[in-house]
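What follows is a single structure, written as C-alpha cells, with notes after it.
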Amino acid sequence: PVPVVAVVGRPNVGKSTLVNRIIGRRQAVVEDKPGVTRDRVPYDAQWTGRRFTVVDTGGWEPDAKDRAAAIAAQAEIAVQTADVVIFVVDVSVGATDVDEAAVKMLRRSHKPVILVANKADNQNLELEAVSLWSLGLGEPFPISALHGRGSGDLLDSILAAL
Ligand code: GDP
Ligand code: MG
Numbered sequence: 034p035v036p037v038v039a040v041v042g043r044p045n046v047g048k049s050t051l052v053n054r055i056i057g058r059r060q061a062v063v064e065d066k067p068g069v070t071r072d073r074v075p076y077d078a079q080w081t082g083r084r085f086t087v088v089d090t091g092g093w094e095p096d097a098k099d100r101a102a103a104i105a106a107q108a109e110i111a112v113q114t115a116d117v118v119i120f121v122v123d124v125s126v127g128a129t130d131v132d133e134a135a136v137k138m139l140r141r142s143h144k145p146v147i148l149v150a151n152k153a154d155n156q157n158l159e160l161e162a163v164s165l166w167s168l169g170l171g172e173p174f175p176i177s178a179l180h181g182r183g184s185g186d187l188l189d190s191i192l193a194a195l
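Numbering (full-length UniProt numbering), first residue to last: 34 to 195.
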C-alpha cells in the first residue's frame with residue numbers, strides 16, 4: 034500500500050500551499066482566509082521515485098463549534114489514518130495556544146510527527162524556527178512553502194520517516 038502523510042495545523046499556516054509544493058502542482062486550494070479546506074483531500078505525490086499520498090486538511094482548532102468542529106474532527110481522522118503527520122506552524126507568528134493544544138492531540142495519536150516551521154521566507158525567520166523546539170516535537174524544519182525554500186530537505190525527511 035502507498036504510505037499516507039497527513040498535513041495538519043491551525044488555519045492559515047500554509048498547509049495547502051505546502052501540499053501544492055509537495056505534489057508539484059497548484060491543486061490544493063490556497064486562500065487568504067481560514068476554513069477553505071473542509072475535508073480530508075488526498076493527492077498522489079512522489080519524491081525521488083517513491084510514491085506516497087499526501088492529505089490536505091482544514092485547520093485544527095480546539096473546542097471548535099459547528100462547522101469548525103466538523104473540520105477539526107476531519108483533521109483528527111486524517112492523523113489517525115496517516116503513517117506520518119506533518120504538523121505545520123507559522124514561524125512568523127510563533128507557537129500559539131492553539132498550536133500547543135494541537136500538539137496534545139498529536140501526542141495522543143502516537144504517530145510520528147514532523148514539525149514544519151512554515152513562512153520562513155528569509156534567514157531571520159529561518160532562525161526563529163529554533164523557538165519551536167518548545168513544542169517538544171523535536172527539531173523544527175524551517176521552510177517557505179510559498180517560495181520553496183527548504184522543501185527538498187523536508188521531502189527527504191518525510192521519506193526517511195515513512
Ligand atoms: P492553510 O489554511 O493552512 O491551508 O493555508 P494556505 O495554504 O491557504 O495559506 C494561507 C495564506 O498563507 C495564503 O495567503 C498563502 O499564500 C500564505 N502562505 C503560505 N505559505 C507561505 C509561506 O511560506 N510564506 C508566506 N509569506 N506566506 C505563505
Ligand atoms: Mg488549506
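Virtual Cβ for every residue (Gly too), placed ideally from N, Cα, C. Computed from a prediction, not measured in an experiment: that's the story for all the values here.
Q: Starting from TRP80, follow its DSSP beta bridges and name the residues at the other end.
A: ARG83
Q.
Three or more C-beta pairs under 8 Å: does that hold for the segment 75-91 against the segment 143-152?
A. no
Q: Could you tell me whether the Cβ atoms of VAL63 and SER49 are closer together than 9 Å?
A: yes
(Q) Between VAL131 and chain D, is the shortest Cβ-Cβ distance under 9 Å, so that the two count as touching? (A) In the structure shown, chain D cannot be found, because there is only a single protein chain.
**Q.** Straight-line Cα distance separating ASP116 from ALA162
**A.** 25 Å
Q. Rounded to a whole number of angstroms, what is the C-alpha to C-alpha distance between ASP89 and GLN60?
A. 11 Å
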